[in-house]
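Comments concern the structure below.
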Amino acid sequence: MRHALITAGSKGLGKKVTERLLNDGFSVTVTYRSDDGLDEIKNEWKSYISKLQFIKADVTIKSDLMRAVQETVEKWGRIDVLVMNAGPYIFERKKLLDYSEDEWQRMIRGNLDSAFYLLKETIPVMRKQKFGRIVSYAFQGADHSPGWLYRSAFAAAKVGLVSLTKTIAIEEAEYGITANVVCPGEIVGKMKEASIEEASALNVEKTPVGRSGTGEDIARTVSFLTADHADMVTGAVIEVTGGIDVLHKYR
C-alpha cells in the first residue's frame with residue numbers, strides 16, 4: 422500500500438486531497454495545527470481510520486516537521502507521496518514596507534524553509550524505495566516570478582519554492598522521484614472543501630469557466646501527479662485556475 426504524508430490535511434484544500442488519496446487506495450498521515458474540529462473529522466473518516474495517522478505539527482517549526490516525518494516512517498515504514506499543502510498566508514493586503522519582520526519570517530519559514538526540512542527528511546526514504554511523488558503549492562504565474570501586489574512575502578517564498586521543486590525534479594529523477602507544483606486559483610471559504618458538482622450549480626461570472634474552483638479540483642490534480650505511472654510529468658507547474666486572473670485583481 423502506498424503511503425502519503427499531507428501537511429494540513431484535515432481541513433480546506435488538504436481535506437479534499439486526503440479524501441481523494443484515501444479513495445485512491447493510499448494510507449495517509451495528516452498533520453494538523455489545531456485540535457479544533459479534529460474529533461469531527463476523525464468521526465467523518467471513521468471508515469478509513471485504519472489507514473490514517475494524525476500528527477499535530479506547525480510547519481513553521483523545524484522540530485515539528487522532522488518529528489512528523491519520523492513518526493510517519495516509524496508507523497508505516499515508508500513515504501511514497503509528500504504533499505506540502507500547508508502554507509501560512511497573510512490575508513491583509515499591504516505593501517512590503519508595512520510588513521513586520523515577524524510576518525516576513527513566518528511567510529518564509531512556513532512556505533519555503535518548511536519545504537527544505539521536509540525534503541531533507543523525506544527524500545532519503547524515497548530514494549531507498551526507488552519511488553516518490555512530491556507536490557508543492559504556489560500561485561498563478563509563480564513559474565515566471567511575477568510581482569504580486571500586496572503579497573510580497575508570500576509571493577517571494579512561493580517563487581523560491583517553485584525553483585526548489587523544479588531542482589528536486591532534476592536531482593532526484595534517477596531515484597524514481599517526481600516533483601511538481603500545483604497552483605490553485607481563487608478558491609476561498611467553503612469552496613475549499615466543496616465538490617465540483619456543488620460548484621457547477623453556482624454561476625460565477627468573474628471566472629471564465631463559469632464556476633468557482635474547489636478543493637476537488639486540486640485533489641484531482643494531485644491524484645494524477647501521485648499515480649505510479651505519472652513519472653513523465655516532473656518539474657511541471659500546473660495552474661488550476663479556471664482562467665481567472667488572480668494577480669491583477671487589485672490595481
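Using my numbering, the letters of the sequence shown map in sequence onto residues 422 to 672.
C-beta: ideal position from N, C-alpha, C; glycine also.
Determine which residues share a DSSP beta bridge with residue 554 and list them. 502, 599
Quick one: any contact between the region 594 to 610 and the region 553 to 565, if contact means 3 or more CB pairs under 8 Å? yes
Out of curiosity, what's the CA-to-CA distance linking residue 521 and residue 445? 42 Å
How many whole angstroms separate the CB atoms of residue 543 and residue 503, which I take to be in contact at a CB cut-off of 8 Å? Their Cβ separation, rounded to whole angstroms, is 5 Å, which keeps residue 543 and residue 503 in contact under 8 Å.
Tell me the rounded alpha-carbon separation between residue 593 and residue 646. 16 Å
With 16 other CB atoms within 10 Å as the buried threshold, where does residue 470 fall? exposed
Kindly identify the DSSP beta-bridge partner or partners of residue 474. DSSP lists 450 as the bridge partner or partners of residue 474.
Figure out for me which residue from 607, 648, 656, 663 has the closest Cα to the Cα of residue 670. 607
Along the alpha helix (DSSP H) that carries residue 658, what are the first and last residues, could you check? Element bounds for residue 658: not the alpha helix (DSSP H) but the beta strand (DSSP E), 658 to 661.
Count the other C-beta atoms from every protein chain shown that fall within 10 angstroms of the C-beta of residue 517, then say buried if there are 16 or more, exposed otherwise. exposed
Stretch-stretch touch, CB-based, cutoff 8 Å, three pairs: the region 422 to 442 with the region 619 to 630: no
Taking CB distances under 8 Å as the criterion, tell me whether residue 598 reaches chain C. Among the chains in the structure shown there is no chain C, since it carries only a single protein chain.
To the nearest angstrom, report how far apart residue 495 and residue 546 are at their CA atoms. 12 Å
Report the three-state DSSP secondary structure of residue 424 (helix, strand or coil). strand
Please tell me whether residue 659 and residue 629 are closer than 8 Å, where the distance is taken between their beta carbons. No, the pair does not count as a contact, with Cβ atoms beyond the cut-off.
Using C-beta distances below 6 Å, list every residue in its chain close to residue 638, excluding the 5 sequence neighbours before and after it, in chain order. 661
Specify, as a first and last residue, the run of the alpha helix (DSSP H) that residue 642 falls within. Per DSSP, residue 642 belongs to the alpha helix (DSSP H) from 636 to 646.
If you reduce the DSSP assignment to three classes, tell me which class residue 605 lands in. strand
Once the 5 residues before and after residue 636 are set aside, which same chain residues still bring their CB inside 6 Å of it? 434, 437, 613, 614
Going residue by residue through the region 537 to 595, where are the continuous beta strand (DSSP E) segments of at least 3 residues, counting only ones entirely within it? Annotation note: the region 537 to 595 contains the following uninterrupted beta strand (DSSP E) runs of length 3 or greater, listed N- to C-terminal: 553 to 558.
Cβ neighbour criterion (16 or more within 10 Å) applied to residue 510: exposed
Is it right to say residue 562 is buried, meaning 16 or more other beta carbons lie within 10 angstroms of its own, or is it exposed? Residue burial annotation: residue 562 is buried, with at least 16 other C-beta atoms found within 10 angstroms of its C-beta.
Verify whether the separation of the beta carbon atoms of residue 527 and residue 452 is less than 8 Å. no
Between the Cα of residue 442 and the Cα atoms of 656, 653, 642, which residue gives the shortest distance? 642
Take residue 566 and list the residues in its own chain whose beta-carbon comes closer than 8 Å to its own, dropping the five residues that flank it on each side. 580
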